[in-house]
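The sequence shown runs contiguously to residue 537 in the working numbering. All C-beta atoms in this analysis are idealised placements derived from N, C-alpha and C, irrespective of residue type, glycine included. Following: one structure in structure tokens, then a few remarks.
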Amino acid sequence: MRGLKSASALPYLTTRHTLLNDQAAPAGSLRPAARSSEQSQRSTMISVLCGDNAWPQSISTYQRNVTHDRVKYPMLGGAAANVWPRAHWAKQPLETPVQFSDQGPSNLLLVQNLRDPATPLSGALETREAFGGRARMVTVDQGGHGAGFPYLNSCGFNAVTDFLVNGTRPDTDKFCGAEANTTRSLTPQQY
């Protein structure tokens, strides 16, 4: 799933698709082994996904979900509904899931890419609605997963920077139009 979250992964996905279809690897086309930082990132993601919620342990549940998702989502098939390690996770959730609502201080800023394959806009809009007047949402006309630094366009970048540095949010929800190049260089102090 990592590859779908970044436009830079398209050459890899094309090669991978060719490998799956042709069953022969073109010279030099195999992806190198994951770096330790990638492995650490995956381990962290899996521990969060598996540790935050209880997951079905029955393999038949996952088989049914994959069959359903192959029809409903033909581009990805049942990849996201597959079993993963969570079905065999030994522990129950470590903490009670956080309940959120429109009750509380008005101090939240949600930032969402318009075409995020891992976090669909529909889910972000539902979250925005659930927070009511507590939140503002900045929707950025770009793809990719994670509408964060350093990939936000200037409109989104400025909205997030104003919020983090000054504690200010837009008066209303904001839409940031597309820009040609959204990758910016950050200094070490900005990370």
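If you check the CB distance, D508 and R482 do not come in under 8 Å. A direct Cα-Cα distance of roughly 27 Å separates N504 from Q449.
DSSP places G502 in the helix class (H, G or I) of the three-state scheme. Beta bridge pairing from DSSP links M483 with L456. K437 and T465 have their C-alpha atoms roughly 26 Å apart. By the neighbour-count criterion, in which a residue is buried when 16 or more other Cβ atoms sit within 10 angstroms of its Cβ, D462 is buried. Note: F521 is bridge-paired with T485 in the DSSP secondary-structure output.
Here the stretch 398 to 411 makes contact with the stretch 421 to 431; the two share three or more CB pairs at distances below 8 Å. Taking the CA atoms as reference points, S500 sits about 15 Å from G492. The beta-carbon distance between G502 and V457, rounded to whole angstroms, is 6 Å. This is short enough to meet the 8 Å contact definition. Under DSSP, R461 takes part in a beta bridge, and its partners are G489. Closest option to H434, judged by alpha-carbon separation, among I392, P451 and V444: I392.
If you draw a straight line from the Cα of R388 to the Cα of P451, it is about 34 Å long. Only residues of its own chain outside the window of five on either side were considered, and among them none has a CB closer than 6 Å to the CB of S383. Inter-residue distance for T485 and V511 is about 20 Å (C-alpha atoms, whole angstroms).
Ranked by how close their Cα comes to the Cα of G523, the residues E475, T390 and G489 have G489 in first place. H414 and V444 have their C-alpha atoms spaced approximately 29 Å apart. Contact between L460 and R515 does not hold, since their C-beta atoms are separated by about 19 Å, which reaches or exceeds 8 Å. Within a 10 Å sphere around the beta-carbon of V506 sit 16 or more other beta-carbons, which makes this residue buried.
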